[in-house]
Each structure stands twice: as structure tokens, then as C-alpha cells.
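Residues -19 to -1, 1 to 112, numbered by mature numbering (1 follows the signal peptide of the UniProt record, and there is no 0), are exactly what the sequence shown covers, in order.
Below is one structure, written out as C-alpha cells, with a few remarks after it.
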Amino acid sequence: MAMQITLLILMLAMPLAYGAQHTVGGTNGWTTGQDYATWAAGEKFVVGDTLLFNYDSSHKVDVVSQADYTACNTAKPTTSYQNGPTTVNLTTAGSMYFICPTSGHCAGGMKLEGPCLHSWARQEAVLHIFT
Ligand SMILES: [Cu+2]
């Protein structure tokens, strides 16, 4: 029991330093013909985690607004990455929206909404181990 409590305290003390890395699309990476909504549904994104986009030169990663994500509008990304791999830090809670600006790719499904939870969400998950 004492060991469990020590472990719990350790895990609670360093949730931010212990961010997980999520490889977008798993082994398929950031490419066409994927279902990123399904992939994201199987992940748990928490502040302090990172997203790793693996892609070739035919793709890019644009961070966009929710409206531009929905509309696949590639005109005004807030950040644009190319020449991957690209690591994106999840620094705030809330959703981040990513699209590939290559013509036709977003409309074809190359878009990702990453719903990021507060860091206490991981602490909550840890607590459930003990209850
Ligand atoms: Cu693309």
C-alpha cells in the first residue's frame, strides 16, 4: 500500500514532464486515404503531449481555424509546416485543427481535429488505477 501511494504521488507530481507522443495516423502517417477522425477517437490528447506528423514532400501540415477546417480553406493557416516529420506541441486545452493544403487532399479526408484535454485529465486516469 505504501508503495502504491508513493507511486501515485510520483505520477501526480510530473504529468507535464511526462507528455505522450501521438504519431498521427499510426504507421500510415499523414497521407491520403486515411480516416483521421477514427484514429483520433482512439487517442487521448492531453496538454503536454505532442503530435508527430510523418509525411513526404507531397503533403504539408497547416494549422487552421475550426471554420477553415470544416470548409477545407487553405488560404489562411495560422501555422504551416512542410518537409516533415513535424512535431506539434499541445500547449493548451481545446481543439487544434490540421489540414493538408495540397489541392484536393483536405476534401479527400486529410484533416485532423485534435481535441486536447487539460493536464488533470491524465491525473484522473492515473487515479482510476487505484479506485
Ligand atoms: Cu496531403
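In this text, a Cβ means the ideal position worked out from N, Cα and C, and glycines have one as well.
Just so you know, these numbers come straight off a predicted model, no measurement behind them.
### Query
Ile80: which of Thr13, His99, Ser100 sits nearest, CA to CA?
Thr13
### Query
Got a sec, what are the start and stop residues for the beta strand (DSSP E) Tyr62 sits in?
For Tyr62, the enclosing beta strand (DSSP E) starts and ends at 60 to 62.
### Task
Counting only runs of 3+ residues fully inside the region 28 to 67, write out the beta strand (DSSP E) ranges in chain order.
31 to 34, 42 to 45, 60 to 62
### Message
Tell me the residue span of the beta strand (DSSP E) that contains residue 156.
### Response
The structure shown does not extend to residue 156, since the chain spans only -19 to 112, so no value can be given for it.
### Task
Output yes or no for whether 8 Å exceeds the beta carbon distance between Thr73 and Val42.
no
### Tyr17 - containing alpha helix (DSSP H), residue span
17 to 22
### Limits of the unbroken beta strand (DSSP E) element including Pro96
92 to 98
### Query
For Val28 versus Ser100, is the C-beta distance shorter than 8 Å?
Cβ atoms of Val28 and Ser100: closer than 8 Å.
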